[in-house]
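Visitor: So for the sequence shown, our numbering puts the first residue at 223; every next one is plus one.
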Amino acid sequence: MNRWQSFKNTHKAGFRLLKVVKQIDRDLIPLNLIDAVLTTALPYVALVFTAQVIDRLLTTDYNRAGYYAGIMIATLLIIGGLDAIILYKTKQSQRGLQNNLEILIRKKGMELEYDVISDSEALKALRNAEEAAKFNGGLGHLVTTYKDLLKYLLSAVTAVVFSVIFCLSVPNTSTGILAIMANPIVTGITLITAWLLGLQMSKHQSIKIKAIDDAIAEKHYIVENQIGYWIGEVLYDTESGKTIRVNGMQELIDKNMDKFIKEAMPLYESMGISSGKRILSEGLESGLFSIVTYLFVLVKVVTGAISIGALTQYAGAFLQFHQASSKLVWSESEVNRLTKNLLPLADYLERVNKRYTGTLPIEKRTDNIYEIEFHDVSFRYPGSDKDTLHHVNAKITLKNKLAVVGRNGAGKTTFIKLLVRLYDPTEGYITLNGIDIRKYNYEEYLSLFGVVFQDFYLFSASIAENIAVRKDYDAEKVTACLEKAGVLSFVSTLDKGIETVIENGTEDAIDLSGGQGQKISIARALYKDAPFVILDEPTAALDPLSEAEIYERFDEMVADKTSVYISHRMSSCRFCQDILVFENGTIKERGAHELLLKNESVYAALWNAQAQYYA
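1) In this structure, what does DSSP give as the bridge partners for phenylalanine 637?
2) Take the Cβ of methionine 332 as the centre, count every other Cβ of all protein chains shown within 10 Å, and call the residue buried at 16 or more, exposed below.
3) From leucine 520 to isoleucine 295, what does the alpha carbon distance come to, in whole angstroms?
4) Quick test of your reading: glycine 369 and alanine 258, contact by CB under 8 Å. State the CB separation rounded to the nearest angstrom.
5) Can you tell which of Lys329, Leu541, Thr272, Tyr266 has its C-alpha closest to the C-alpha of isoleucine 301?
6) Would you check if there are 3 or more beta carbon pairs closer than 8 Å linking the stretch 266 to 277 to the stretch 526 to 546?
7) Let's see if you can read the secondary structure: which residues bound the beta strand (DSSP E) around arginine 643?
8) Who pairs with tyrosine 662 in a beta bridge, going by DSSP?
9) In the DSSP output, which residue or residues are listed as bridge partners for glycine 672?
10) Thinking C-alpha only, which one of Leu348, Asp249, Leu304, Lys234 is nearest glutamine 314?
11) In chain order, what residues of the same chain lie with their CB nearer than 6 Å to the CB of threonine 515, ignoring the 5 residues before and after it?
12) Helix, strand or coil for phenylalanine 678, going by three-state DSSP, please let me know.
13) Based on DSSP bridge pairs, tell me the residues matched to valine 824.
14) Using DSSP bridges, identify the partner residues of glycine 628.
15) Helix, strand or coil for glycine 318, going by three-state DSSP, please let me know.
16) If distances are taken between C-alpha atoms only, which option among Glu759, Lys810, Asn806, Glu353 comes closest to tyrosine 787?
17) Using alpha carbons as the reference points, say which of Glu572, Lys820, Leu802 lies closest to valine 614.
18) Hey, out of Thr715, Thr701, Asp782, Leu670, whose CA is closest to isoleucine 742's CA?
19) Please find out if some non-hydrogen atom of the ligand ADP comes closer than 7 Å to the beta-carbon of isoleucine 689.
20) Counting along the chain, where does the beta strand (DSSP E) carrying lysine 617 start and finish?
21) Taking only the alpha-carbon atoms, compute the straight-line gap between serine 714 and asparagine 821 and give it to the nearest angstrom.
22) Helix or strand or just coil, what does DSSP make of tyrosine 651?
23) Along the chain, where does the beta strand (DSSP E) containing threonine 784 start, and where does it finish?
24) Please report the residue range of the alpha helix (DSSP H) in which serine 548 lies.
25) Drop a sphere of 10 angstroms on the beta-carbon of proline 604, count the other beta-carbons inside from all chains shown, and report buried for 16 or more, exposed for fewer.
26) To the nearest angstrom, how far is it from the Cα of arginine 692 to the Cα of arginine 629?
27) At the level of alpha carbons, what is the spacing between alanine 546 and leucine 510?
28) Helix, strand or coil: which one does DSSP assign to isoleucine 387?
29) Apart from the five residues on each side of it in sequence, which residues of its chain come closer than 8 Å, Cβ to Cβ, to isoleucine 307?
30) Quick one, are the C-beta atoms of isoleucine 293 and threonine 534 less than 8 Å apart?
31) Roughly how many angstroms lie between the CA atoms of phenylalanine 601 and glutamate 649, to the nearest whole one?
32) Among Gly807, Gly813, Phe804, which residue has its Cα nearest to the Cα of arginine 796?
33) Please return the same chain residues whose Cβ sits closer than 8 Å to the Cβ of leucine 298, not counting the five positions on each side in sequence.
34) Within 10 Å of its beta-carbon, does leucine 364 have 16 or more other beta-carbons around it, so buried, or fewer, so exposed?
35) Would you check if the distance between the CB atom of phenylalanine 804 and the CB atom of phenylalanine 596 is smaller than 8 Å?
36) Apart from the five residues just before and just after leucine 668, which ones in its own chain have a Cβ nearer than 8 Å to its Cβ?
Structure, rendered in structure tokens:
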């Protein structure tokens, strides 16, 4: 890839990242642009007016000198004051940038459909985005670097104007070595040559350091991910804490932590060495260029080409030019490095949902007459080369209580995921009242289902908010659902009742047992009052007595709704009128409990295998 293409790719990525900044804070980029202009103007204003003041003082024109000094001070105060205000506002915006970015990443995760975020590549992208957000100052550092890039560019252009004026100044004498040196052509060629040599040195050093930084960054990601896993996901997780202590895993964790911390230390040392080389290189280049420019400025003064006051003006301008051009190279290199390492952030935030969603509204029926049918449905998970479901045909009829059973991995949960459209079929299609479910509005279609998954999740909010899934809720309805789910007696003993907060680390919050949490998740499904109730292993975390209580209330809980019940516990099937038996991704049998027992096939084998434990 040539340099021009690399330059374009760098800034194309940079502008993608700046769009993310704009999405978070619309003011931050304009504030930095204004700051770049003001900070560029400050030194040049001082140089121009200082030259005028010195020349007037040398000619004893004190009034004029005072006049220029006054204008200079007033201008510098105005520019400095404005810049201080801009800088203050910029710092305020940047303080919230990181937190707001993390919120944006999380919101994006909620916006993305389940099939987009559930595969390993998507989870890796999320992890990389989170690490990128923290990398070397994150987006805030990128904005600052772009500001510096603009500032140095403006400064270099301004200095070029001063340099041209300087080179064109003609000496009063036309003979001697000094006159030759002060000649506009000789001066111009010499200064350009000195600048190009310095620039080449800067580029050479920049390429070497960039290669080092890239290698460091690549290793940094791997090590930081591992450290983040052991600290964030193992040590701070209460569930893993039990496993760690019971199995005496502290030594294993300590060794893993020590290993990755030891790997991290050389990386940080390398970063420090890289930074030191950069500073040393800049110092050498600056020194060499300063010697050449000061020599030629003095020659111009001696030969009468410029005034003594102009000496400070042009010497300062050349210094500004060298610093700006040198730092321009470093800033460009820094932008390149940052964009490369921050790009996973933009990639993740630009992910789009691929699922087609229709516009048809769901018919609101008080009689709950909805019928769903699978038509020759096959499904393969993303990244897999094997179908999980094969040519499934099934109809879920009105107000039917349907059990879905089978061995682990038979396809039961996948069947439910397709039913609630967390995924779309790889082949075949699913209809609601005869219409392909993909033609319906997705949100409206989901409103038909109240689901309790085995791996339920409760949020750090009040019990009532967890059930109603909103801030404003019907307290009487919440209480009724808790009673149906068999957990009201427990909630009633709490000081704050349904207002009690679950697991947020505050003094008044409570930790629920698995059974209590599962009952509250059942109450959540009941509160939704959807025409379809889906219970995926809803009693897995319950003791036998609580399980029996749920089964006894099963008819009351689902009332006139269509219910789908998934369970490994075959005893639950007696409460259902219809049973689907999955085997190796297909429906092997279907029928009522007694009929399936008589068939003496898969269902009977599963039933008899469990029955021996209760004999």
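C-beta atoms are modelled at their ideal positions from N, C-alpha and C, and glycine is treated no differently.
Guide: Checking against the coordinates, here is how it stands:
1) The count along the sequence shown starts at 1 and reaches residue 637 at position 415. Beta-bridge pairing links phenylalanine 637 to no other residue.
2) As a working note, residue 332 is residue 110 in the sequence shown. Counting Cβ neighbours within 10 Å, methionine 332 comes out exposed, since fewer than 16 surround it.
3) For the purposes of this step, residue 520 is taken as residue 298 along the sequence shown, with counting starting at 1. For the purposes of this step, residue 295 is taken as residue 73 along the sequence shown, with counting starting at 1. So the two alpha carbons sit approximately 27 Å from each other.
4) For this step, residue 369 is matched to residue 147 along the sequence shown. For this step, residue 258 is matched to residue 36 along the sequence shown. According to the sequence displayed, residue 369 carries lysine and not glycine. With a Cβ gap of about 5 Å, lysine 369 and alanine 258 count as contacting.
5) Here residue 301 refers to the residue found at position 79 of the sequence shown. Comparing Cα-Cα distances from isoleucine 301 to each of Lys329, Leu541, Thr272, Tyr266, the minimum goes to Tyr266.
6) yes
7) Against the sequence shown, residue 643 aligns to sequence position 421. Segment: none, arginine 643 is in no beta strand (DSSP E) and carries neither H nor E.
8) One-based indexing of the sequence shown puts residue 662 at position 440. Note: tyrosine 662 sits in a beta bridge opposite Leu582.
9) For the purposes of this step, residue 672 is taken as the residue at position 450 of the sequence shown. Glycine 672 pairs with Val755.
10) As a first step, residue 314 is located in the sequence shown; it is residue number 92 there, counting from the start. Among Leu348, Asp249, Leu304, Lys234, the Cα nearest to that of glutamine 314 belongs to Asp249.
11) One-based indexing of the sequence shown puts residue 515 at position 293. So the qualifying residues of the chain are Phe540.
12) If you number the sequence shown from 1, residue 678 lands on position 456. Phenylalanine 678: coil per DSSP, three-state reduction.
13) Walking along the sequence shown from the start, residue 824 turns up at place 602. Its beta-bridge partners do not exist; DSSP assigns none.
14) In the sequence shown, residue 628 corresponds to position 406, counting from 1. Partner(s): Phe804.
15) Counting from one through the sequence shown, the residue named residue 318 turns up at place 96. Residue state, collapsed to three classes: helix.
16) The sequence position of residue 787 within the sequence shown is 565, counting from 1. It is Glu759.
17) For the purposes of this step, residue 614 is identified with residue 392 of the sequence shown, where counting begins at 1. Considering only alpha carbons, the answer is Leu802.
18) What you label residue 742 is simply residue 520 of the sequence shown in a count that begins at 1. Comparing Cα positions, the closest option is Thr701.
19) Ligands are entirely absent from the displayed structure, and the ligand ADP is therefore not among its contents.
20) Within the sequence shown, residue 617 is the residue found at index 395, counting from 1. Run containing lysine 617: 611 to 618, per the beta strand (DSSP E) assignment.
21) Counting from 1 along the sequence shown, the entry for residue 714 is found at position 492. Counting from 1 along the sequence shown, the entry for residue 821 is found at position 599. Approximately 47 Å, taken between the alpha carbons.
22) By 1-based counting over the sequence shown, the position of residue 651 is 429. The answer is strand: DSSP assigns tyrosine 651 an E or B state.
23) Locating residue 784 in the sequence shown gives position 562, where the first residue counts as 1. Residues 784 to 788.
24) In the sequence shown, the residue the question calls residue 548 occupies position 326. 530 to 571 is the extent of the alpha helix (DSSP H) around serine 548.
25) Walking along the sequence shown from the start, residue 604 turns up at place 382. The residue in question, proline 604, is exposed, as its Cβ has fewer than 16 Cβ neighbours within 10 Å.
26) Taking the first residue of the sequence shown as 1, we reach residue 692 at position 470. Taking the first residue of the sequence shown as 1, we reach residue 629 at position 407. Arginine 692 and arginine 629: Cα-Cα distance of roughly 37 Å.
27) Within the sequence shown, numbered from 1, the residue matching residue 546 stands at position 324. Within the sequence shown, numbered from 1, the residue matching residue 510 stands at position 288. Each residue's alpha carbon lies about 15 Å from the other.
28) In the sequence shown, residue 387 corresponds to position 165, counting from 1. DSSP places isoleucine 387 in helix when its eight states are reduced to three.
29) Taking the sequence shown and counting its residues from 1, the one referred to as residue 307 is at position 85. Within the same chain, isoleucine 307 has no close Cβ partners at all.
30) Translated into positions along the sequence shown, residue 293 becomes position 71. Translated into positions along the sequence shown, residue 534 becomes position 312. Not a contact, by the Cβ cut-off of 8 Å.
31) Position 379 of the sequence shown, counted from the first residue, corresponds to residue 601. Position 427 of the sequence shown, counted from the first residue, corresponds to residue 649. Their backbone Cα atoms lie some 7 Å apart in a straight line.
32) Here residue 796 refers to the residue found at position 574 when the sequence shown is read from its first residue. That would be Gly813, whose Cα lies nearest to the Cα of arginine 796.
33) Within the sequence shown, the letter at position 76 stands for residue 298. The residues are Leu264, Val267, Ala268.
34) In the sequence shown, residue 364 corresponds to position 142, counting from 1. Counting Cβ neighbours within 10 Å, leucine 364 comes out buried, since at least 16 surround it.
35) Taking the first residue of the sequence shown as 1, we reach residue 804 at position 582. Taking the first residue of the sequence shown as 1, we reach residue 596 at position 374. The answer is no: Cβ separation not under 8 Å.
36) Sequence index remark: in the sequence shown, residue 668 carries index 446 (1-based). Once the five neighbours on either side are set aside, the close Cβ partners of leucine 668 are Val642, Arg643.
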